[in-house]
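Trainee: Structure incoming, see below.
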Amino acid sequence: MLQQVMTAPGVIEFREVPTPQPGPGEVLIKIMEIGVCGSDIHVYHGEHPFTSYPVTQGHEVSGLVEQLGEGVTGLQAGQKVTIQPQVVCGQCWPCRNGKYNLCESLKVMGFQTTGTASEYFVVDAAKVTPLPDAMSLEEGAMIEPLAVAVHAVGRAGDISGKDVCVLGAGPIGILVAQAAKGLGARKVMITDVSALRLEKARECGADVCVNTREKDFGQALVECFGPDKADVIYDCAGNDITMDQAIQNARKGSTLILVAVFAQKAHVDLAVLNDHELDLNTSMMYRSEDYETAIQLATEGKVQLLPLLSKRFPFQQYLDAYQYIDQNRESTMKVMIDVQQ
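For the sequence shown, position 128 matches number 245 in this note's numbering, and the numbering has no gaps at all.
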């Protein structure tokens, strides 16, 4: 079978390797679609701090069950599935207490261990999540980033009837906005400095879209929600500007959730955070229940995934996909790799 390997930053090779066979408790998946994530781009540029080379990428994925290993039940050949890409120890405190997304020895397929970018992939059956028959394989490959959004929204607790603001209208920001609305938020405002991204957010159902190049964030917050402002602000941009906007303008005693990964150490006003008794929380990946909720939201039409699909590339044009993203950063949401041709 054919397997993608990034041998160095910006260098991708395709190798013929033996098709793996599933052992006891394992499943052989015929990989169909792979979504390209912002973290993949960091690897492409040699900027991911926890990835070494060579590495086979691919963690946003959908496929078809090809073969079941001994003892595997609940799955059948030909079934649509996605994969949870976390590899955890099962022994540390987070793992023992149901927080395996925070495993002390966490590895993620495509970064610290082999990813799914090959024609076939063997994985532990426990990491395989069935997809509805009616769900497209493209949507199936976007369940992983939607699960990120679902987990992030849940970090604020029950948001039914609450007013929510999302900073950053990239793919994750738009998914957070949709997930918040789908989980019962009363009103959702999203901000960005890109008119194109905000238009996509509007297409996906955001109630209010604000370009903070054109309007002051604090003013927009009051105009949208009134003097009580937002109950929860999610930072899906991850830079000093957006986090400072949140800290300086949040209602006293409200909640901030950091969803994005800061590329550099943050320099923000913690004195204001303290003085206003703001709850600053964070979000890391997802757990199985987040996958289940993500699938439910997509199936019920409460989250639209396909509007985020920007372009597709054949498997052996993986490098072209990365170059396309680099050249079209502002207008690109989700690029998909078609593995089977």
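By construction, the Cβ of each residue, glycine as well, lies at the ideal position given by its N, Cα and C atoms. Predicted model, so just to flag it, every value in this text is computed and none were measured.
Please list the terminal residues of the continuous alpha helix (DSSP H) segment that includes Gln-121.
Mentor: That residue, Gln-121, is in no alpha helix (DSSP H); its beta strand (DSSP E) goes 119 to 125.
Trainee: Just grab the DSSP bridge partners of Gly-274 for me.
Mentor: Answer by DSSP bridge pairing: none, since Gly-274 is not bridged.
Trainee: Our contact map puts Val-452 next to Ala-438 with C-beta atoms below 8 Å; I'd like the distance itself, whole angstroms only.
Mentor: 5 Å
Trainee: Rounded C-beta distance between Val-144 and Arg-132? I'm assuming under 8 Å.
Mentor: About 23 Å separates the two Cβ atoms, so there is no contact after all.
Trainee: Under three-state DSSP, which class holds Thr-416?
Mentor: helix
Trainee: How long is the line joining the alpha carbons of Gln-295 and Cys-321, rounded to whole angstroms?
Mentor: 7 Å
Trainee: Is Val-460 helix, strand or coil when you go by DSSP?
Mentor: The requested residue 460 does not occur in the structure, where the chain is confined to residues 118 to 458.
Trainee: Is the stretch 319 to 338 close to the stretch 262 to 279, with three or more CB pairs under 8 Å?
Mentor: no
Trainee: Excluding the 5 residues flanking Val-182 on each side, which residues of the same chain have their C-beta closer than 7 Å to its C-beta?
Mentor: Val-144, Ile-146, Leu-192, Gln-193, Ala-194, Gly-195, Gln-196, Val-198
Trainee: Considering only residues of the same chain and omitting the five flanking positions on each side of Ser-448, which have a CB-CB separation below 6 Å?
Mentor: Leaving aside the five residues that flank Ser-448 on each side, the residues in its chain whose CB is nearer than 6 Å to its CB run, in chain order, Leu-313.
Trainee: List the endpoints of the continuous beta strand (DSSP E) containing Leu-375.
Mentor: 372 to 375
Trainee: For Val-378, does the three-state DSSP call read helix, strand or coil?
Mentor: coil
Trainee: Indicate whether Ala-286 and Ile-307 have their beta-carbon atoms separated by less than 7 Å.
Mentor: Contact: yes.
Trainee: In three-state DSSP terms, what is Tyr-237?
Mentor: strand
Trainee: Between Val-239 and Pro-139, which are expected to be in contact by the criterion C-beta below 8 Å, what is the C-beta distance as a whole number of angstroms?
Mentor: The beta-carbon distance between Val-239 and Pro-139, rounded to whole angstroms, is 5 Å. This is short enough to meet the 8 Å contact definition.
Trainee: Ignoring anything shorter than 3 residues or poking outside the stretch 289 to 339, list the beta strand (DSSP E) runs there in chain order.
Mentor: The stretch 289 to 339 contains these whole beta strand (DSSP E) runs: 304 to 309, 325 to 328.
Trainee: Candidates Lys-304, Leu-315, Glu-409, Lys-298: which alpha carbon is nearest Pro-288's?
Mentor: The option with the nearest alpha carbon to Pro-288 is Leu-315.
Trainee: I think Val-373 touches Ala-367, with their Cβ atoms under 8 Å apart; what is that distance to the nearest whole Å?
Mentor: Val is not the amino acid found at residue 373; the sequence shown has Leu there. By a beta-carbon distance limit of 8 Å, Leu-373 contacts Ala-367. Their separation comes to about 6 Å.
Trainee: For Val-205, which beta-bridge partners are listed by DSSP?
Mentor: In DSSP, Val-205 forms no bridge with anything.
Trainee: Please go through the stretch 141 to 211 and give each complete beta strand (DSSP E) segment of 3 or more residues, from N-terminal end onward.
Mentor: 143 to 152, 177 to 185, 197 to 200
Trainee: Where Gln-208 and Lys-224 are concerned, what is the direct C-alpha to C-alpha distance, given to the nearest angstrom?
Mentor: 14 Å
Trainee: Could you please give the first and the last residue of the uninterrupted alpha helix (DSSP H) stretch that includes Met-360?
Mentor: 357 to 366
Trainee: Given this structure, state the Cα-to-Cα distance separating Met-401 from Ala-243, to the nearest angstrom.
Mentor: 20 Å
Trainee: Within 10 angstroms of the Cβ of Gln-218, are there 16 or more other Cβ atoms? Answer buried if so, exposed if not.
Mentor: Residue identity check: residue 218 is Asn in the sequence provided, not Gln. Sixteen is the threshold: when 16 or more other Cβ atoms of the shown chains lie within 10 Å of the Cβ of Asn-218, as they do, the residue is buried.
Trainee: Please report how far the alpha carbon of Leu-119 lies from the alpha carbon of Lys-317, in whole angstroms.
Mentor: 35 Å
Trainee: By DSSP, does Cys-341 sit in helix, in strand, or in coil?
Mentor: Correct three-state label for Cys-341: helix.
Trainee: Answer yes or no: do Ala-264 and Ala-411 have a C-beta to C-beta separation smaller than 7 Å?
Mentor: yes
Trainee: In angstroms with no decimal places, state the Cα-to-Cα distance between Gln-184 and Leu-254.
Mentor: Cα to Cα, the separation comes out at about 18 Å.
Trainee: Hey, Asp-348 and Ser-371: beta-carbon distance below 7 Å or not?
Mentor: Using a Cβ distance threshold of 7 Å, Asp-348 and Ser-371 count as a contacting pair.
Trainee: Measuring only the C-alpha atoms, how far is Leu-248 from Thr-190?
Mentor: 16 Å
Trainee: When DSSP labels each residue in this structure, what does Thr-246 get in the three-state scheme?
Mentor: strand
Trainee: What is the DSSP secondary structure of Pro-137, reduced to helix, strand or coil?
Mentor: Correct three-state label for Pro-137: coil.
Trainee: Just the C-alpha distance for Val-293 and Lys-279, rounded to the nearest angstrom, thanks.
Mentor: 14 Å
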